[in-house]
Amino acid sequence: MIKFDSVTYVYPTGVRALSGISVEIGKGELVALMGENGAGKTTFIKHLNGLLKPTSGRVYVDGKDTRSLSVAQLSRKVGIVFQNAEDMFFLPTVEEEVAFSLRNLGFDEGTVRRRVDWALRFMELEAYRNRSPFLLSGGEKKRLALAIILAWNPQVVAMDEPTVGQDSVQKEKLKEMVRQMVLQGRTVIISTHDVEFVAELRPRVILMSKGRIVADGRAEDILTDAGLLEGCSLLMPQVAATMSRLRDLGFDAKVISVEDAVKSIVERLRAVEHTRGS
0 MIKFDSVTYV
10 YPTGVRALSG
20 ISVEIGKGEL
30 VALMGENGAG
40 KTTFIKHLNG
50 LLKPTSGRVY
60 VDGKDTRSLS
70 VAQLSRKVGI
80 VFQNAEDMFF
90 LPTVEEEVAF
100 SLRNLGFDEG
110 TVRRRVDWAL
120 RFMELEAYRN
130 RSPFLLSGGE
140 KKRLALAIIL
150 AWNPQVVAMD
160 EPTVGQDSVQ
170 KEKLKEMVRQ
180 MVLQGRTVII
190 STHDVEFVAE
200 LRPRVILMSK
210 GRIVADGRAE
220 DILTDAGLLE
230 GCSLLMPQVA
240 ATMSRLRDLG
250 FDAKVISVED
260 AVKSIVERLR
270 AVEHTRGS
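For the sequence shown, numbering that gives the first Met the number 0 begins at 0 and goes up steadily by one.
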């Protein structure tokens, strides 16, 4: 679905944000894009729908070179939720915000009404239909930004720091929404520093530093590598850090979620009991 082929991007100021990035992301894949501030994560995301075009190299979306397509054309396939949700708002009500993009993309009014209703219901925003988007809470604004994107059913959804400003309850809801999007066959790309959030989702992790990809693999492998994470100004998830200290006692050091930690501990205790019983 997404292919970066030796992509370098240099801003007009001379800052090199991406350096020779080559990576492929498949249809229906869940990917966490991680790294320190300035690693190039947001620049990477802006290449997905043509907001930025490579200085050199190629970006392909569903097999098509983004240089040959407009942002409007690419947005039918790729929806981006930016870190500051308010950047996406400019209309008087929540309902109008969701409907605007659908109309702009040429959907008929019957389809617009159905998709607006679905998006508000899916994001639990029906009660705020007639409220100004600027009067919503931080978490509600994030959900509205996602509703605006999901309404036109893009194949790729990219989210830039979606957990910023979200409490634990909203983070849990966001996790479930991400899982649902993947089950529906969407490609989901999340740019984030939130190692705890990523650990619970267990996606493929692409780790970036200074405009380059320094690691690409399973969350269990990358989020338990303390040295690798430290080089990108990240810490291991708390569960992973705890389980790594128990490695010498026979516990699985690649555990990153609470659920898997409980399972590992129970299995280890059963093994000890079995040994004693023998």
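Glycine included, each C-beta is placed from N, C-alpha and C at the ideal position.
- Entirely within the region 57 to 113 and at least 3 residues each: give me those beta strand (DSSP E) ranges in chain order. 77 to 80
- Query: Residues bridged to S243 by DSSP?
  - Reply: Working through the sequence shown from its first residue, we reach residue 243 at position 244. Paired residue(s): none; S243 is not in a bridge.
- Item | Y8 beta carbon less than 8 Å from that of P53 | Against the sequence shown, residue 53 aligns to sequence position 54. Against the sequence shown, residue 8 aligns to sequence position 9. Yes, the Cβ-Cβ distance between P53 and Y8 is below 8 Å.
- Message: Can you find the residues in the same chain that come closer than 6 Å, C-beta to C-beta, to S5, ignoring five residues on each side of it along the sequence?
- Response: On the sequence shown, position 6 is the one that residue 5 refers to. Once the five neighbours on either side are set aside, the close Cβ partners of S5 are G19, S21, G56.
- Query: Span of the beta strand (DSSP E) holding E23?
  - Reply: Sequence index remark: in the sequence shown, residue 23 carries index 24 (1-based). Its beta strand (DSSP E) spans residues 15 to 24.
- Message: Tell me which residue opens and which closes the beta strand (DSSP E) that M158 is part of.
- Response: Here residue 158 refers to the residue found at position 159 when the sequence shown is read from its first residue. First-last of the beta strand (DSSP E) with M158: 155 to 159.
- Item | Buried/exposed call for P91, threshold 16 Cβ in 10 Å | Taking the sequence shown and counting its residues from 1, the one referred to as residue 91 is at position 92. Label assigned to P91: exposed.
- Query: Any contact of the region 119 to 135 with the region 85 to 100, i.e. 3+ C-beta pairs under 8 Å?
  - Reply: yes
- Query: Hey, K172 and T162 are a contact pair by Cβ (cut 8 Å); roughly how many whole angstroms apart?
  - Reply: By 1-based counting over the sequence shown, the position of residue 172 is 173. By 1-based counting over the sequence shown, the position of residue 162 is 163. Not a contact, Cβ separation roughly 11 Å.
- Task: Kindly indicate which three-state DSSP category F250 falls into: helix, strand or coil?
- Result: Residue 250 sits at position 251 when you count from the first residue of the sequence shown. Reduced to three states, the DSSP call for F250 is coil.
- Query: Pairing CB atoms from the region 212 to 227 with CB atoms from the region 65 to 76, are three or more of them under 8 Å?
  - Reply: no
- Query: On the three-pair Cβ rule with 8 Å, is the region 72 to 83 touching the region 113 to 120?
  - Reply: no
- Item | Exposure of H46, with buried meaning 16 or more beta-carbon neighbours within 10 Å | Position 47 of the sequence shown, counted from the first residue, corresponds to residue 46. By the neighbour-count rule (16 or more Cβ atoms within 10 Å), H46 is buried.
- Message: For R178 and K26, what's the separation of their Cα atoms in angstroms?
- Response: On the sequence shown, residue 178 is found 179 positions in, with the first residue counted as 1. On the sequence shown, residue 26 is found 27 positions in, with the first residue counted as 1. Each residue's Cα considered, the two are about 14 Å apart.
- Item | Close Cβ partners of E28 (< 7 Å) along its chain, the five nearest in sequence each way excluded | Mapped onto the sequence shown, residue 28 falls at position 29. Closer than 7 Å at the Cβ level, and outside the excluded window around E28, lie T186, R203.
- Message: Under 8 Å: do the region 187 to 195 and the region 134 to 147 share three or more Cβ pairs, one atom per stretch?
- Response: no
- Query: What residues in its chain sit with their C-beta under 8 Å from that of F320, if we drop five residues either side in the sequence?
  - Reply: Absent from the structure is residue 320, since the part of the chain shown begins at 0 and ends at 277.
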